[in-house]
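Asks:
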Amino acid sequence: MTKADLISRMADEAGITKAAAEKALNSFLNAVADSLAKGDKVTLVGFGTFSVAERAEREGRNPRTGETITIAASKTIKFKAGSKLKEALS
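Under UniProt numbering, the sequence shown has 79 at position 79, and the numbering climbs by one with no breaks.
#1: On the CB-based measure, 16 or more other CB atoms within 10 Å of its CB, does Ala21 come out buried or exposed?
#2: Kindly indicate which residue of Arg64, Phe47, Ser51 has the alpha-carbon position closest to the one of Asp40.
#3: For Ile71, collect the residues of the same chain with a Cβ closer than 6 Å to its Cβ; drop the 5 residues on either side in sequence, then sort them by chain order.
#4: From the DSSP secondary-structure annotation, give me the bridge partner or partners of Ser8.
#5: Is the CB-CB distance between Lys78 and Ala37 below 7 Å?
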C-alpha cells in the first residue's frame, strides 16, 4: 500500500475528501516524527509503539577490501506491534 492508496482509503472510510485525508495523514506523520526527534515514545493503544533506540559505535568490515572500519554510533526507530495488530495478523 502506498501513501496515495492509504489516503484514498482514509477518505473513503471517513467520508471526507482526499485533500482532507492527506492533510490529516501528513499532520499525523509530522507529529510522530517530532515526538521521536525529541526522544519521546509514541504509543497507539492496540496498534503499537514507536520509540527511538541508540546503536553504539561498532566495528565492521568493508566487504570489498575486508578492511576493518568503525561504524559510528547512531539512532534508529523501533516499532513494537500492539495486541490488536498482532491479532489482526493471526
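Glycine residues also receive a C-beta, built at the ideal position from the N, C-alpha and C atoms.
Computed from a predicted model, the values in this text were never measured in an experiment.
Replies: Taking the coordinates as given:
#1: buried
#2: Ser51
#3: Arg58, Gly60
#4: The partner list for Ser8 (beta bridge, DSSP) is empty, contrary to what the question assumes.
#5: no
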